[in-house]
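Student:
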Amino acid sequence: MINGQKVGCGIVTYNRPALLKKLYDSLPAEIIDCVVIINDGEVYPEFSAYDSEVFFNNETNLGVGKSKNRALSRLMDAGCEHLFLIEDDIYIKSPEVFELYILTSTLTGIQHLNYSQHGLMNKTPSGEANAVYRIDYGNGINLPLYRHCVGAFSYYSKRSLEAAGLMDETYHNAFEHVDHTLAIINQNMHPPFWFFADIDNSQLYLGDEPWTLEGSTISSDTLHRKNALAAIEHFTLKHGCEPVRHPLASDQELMDSLNSIKQNFGLNI
1 MINGQKVGCG IVTYNRPALL KKLYDSLPAE IIDCVVIIND GEVYPEFSAY DSEVFFNNET
61 NLGVGKSKNR ALSRLMDAGC EHLFLIEDDI YIKSPEVFEL YILTSTLTGI QHLNYSQHGL
121 MNKTPSGEAN AVYRIDYGNG INLPLYRHCV GAFSYYSKRS LEAAGLMDET YHNAFEHVDH
181 TLAIINQNMH PPFWFFADID NSQLYLGDEP WTLEGSTISS DTLHRKNALA AIEHFTLKHG
241 CEPVRHPLAS DQELMDSLNS IKQNFGLNI
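Letter by letter, the sequence shown follows residues 1 to 269 of my numbering.
(1) Kindly identify the DSSP beta-bridge partner or partners of residue 10.
(2) What are the start and end residues of each continuous alpha helix (DSSP H) run of 4 or more residues lying completely inside the segment 34-82, in chain order?
(3) Spell out a yes or no on whether the segment 30-49 and the segment 104-121 are touching, meaning 3 or more CB-CB pairs, one atom from each, closer than 8 Å.
(4) Would you list the residues sitting across from residue 270 in a DSSP beta bridge?
(5) Buried or exposed: which applies to residue 49, given that a residue is buried once 16 or more other Cβ atoms fall within 10 Å of its Cβ?
(6) Could you give the C-beta distance for residue 151 and residue 177, rounded to a whole number, given that I count them as a contact under 8 Å?
(7) Report all residues from its chain with a CB closer than 7 Å to the CB of residue 206; omit the five preceding and five following residues, and keep chain order.
(8) How would you write the range of the beta strand (DSSP E) that residue 112 sits in, first residue to last?
(9) What are the residues that DSSP puts in a beta bridge with residue 2?
(10) Using only the alpha-carbon positions, how far apart do residue 217 and residue 175 sit?
(11) Go ahead and pull the three-state DSSP assignment for residue 253.
(12) Exposed or buried, residue 226, counting other C-beta atoms within 10 Å across all chains shown (16 or more means buried)?
(13) Assuming residue 36 contacts residue 10 (C-beta within less than 8 Å), just tell me the rounded distance between them.
(14) Whose CA, out of 7, 87, 47, 103, lies closest to the CA of residue 13?
(15) Go through its chain and collect everything with a Cβ distance to residue 19's Cβ below 6 Å, but skip five positions before and after it.
(16) Do three or more CB pairs link the segment 239-248 to the segment 180-199 at distances below 8 Å?
(17) Is it a yes or a no for the segment 123-142 touching the segment 50-65, going by three-plus beta-carbon pairs under 8 Å?
(18) Assign residue 257 to one of two classes, buried (16 or more other C-beta atoms within 10 Å of its C-beta) or exposed (fewer than that).
(19) Taking the C-alpha atoms as reference points, what is the distance between residue 147 and residue 122?
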C-alpha cells in the first residue's frame, strides 16, 4: 500500500517458469497488496509453489491481450488504485520503482506509463536510453518521452482503466499494448502518440533478460508474423492508419497536451 491506496501487480507468463520465479521473488511484499499471475502456457510442476488465490491457468492459450485483461480485472475487483502489469522477462532491481511510477503519475497527471528500456527500440546503438524529450516538472520529476511504446512493464491508474476500458481482445500477441495506450491517449490521460512516457532512469530500477528472437516466446512463435499482420490490419481499420503511420503531434500540441493533463489530473504543489 502506498499513501493509503492499494497497489496491485498482474503478471503474465508463458512457458518460462524460471523467469517467473525470478520476477515473483523480486516483488516487494511490503508494497504490493495484491498479486495475480496468469499462466497462458503449459503447467509446470514448479507452479504448485504459488497460492491458488494468486495463480491462475488459462485452459487454452488466450494470448497476451486477454491474459492481461484477466489480470487487470482481478486487480480492479480487489480494489486496487494503482495497477502494474509485468511480463515474465522483467524483474525488480529496486522496490522503490513502484513508488516512483506512482509519484510521477501523481505529479504530472499522466495516468499510464510504460517501461521504455525493454528491448532495443528506445536505445542508442551503444545501449543508452534515447528519449526524444525530457520535461522538467520540478520537485525532482524529469519526465522522459520516447518514440516507441513497449508493454513489458506498465503502470495504470484505476482512473485510466475506468475511462479507457481494458485491452481490445481482437489483438492476440501483437500491438495490444500500443492500442491500449492509444485508448488512454484519447482520454487525454497520456501525451500524444509517439511521445510515450516513462519515469526517469527506469533502467536503474528494473531489470530484464536480454532480448533475442530465440528467447522471445512471442516473436519466435511460427504464427507471430500472421498474428502481427492481423493486428496491423485491425489497428488500421480501427484508427484509420497503420501504427507506424500514426500522425506525429507538433511540439505545441505536445505541450498543450502535457499542460492539460497536468491541470486535469496532476497534483499541484
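Just so it is clear, CB atoms sit at the ideal spot from N, CA and C, and this is done for glycine as well.
Tutor: So, from the data block:
(1) 36, 85
(2) 64-77
(3) no
(4) Since the displayed the chain opens at 1 and closes at 269, residue 270 lies outside it and no answer follows.
(5) exposed
(6) 3 Å
(7) 90, 92, 93, 97, 115, 153
(8) 112-114
(9) 5
(10) Confidence is the limiting factor: at residue 217 the pLDDT is only 49, short of 50, which leaves the residue's position unreliable and the question unanswerable from this model.
(11) helix
(12) exposed
(13) 5 Å
(14) 87
(15) 88, 89
(16) yes
(17) no
(18) buried
(19) 7 Å
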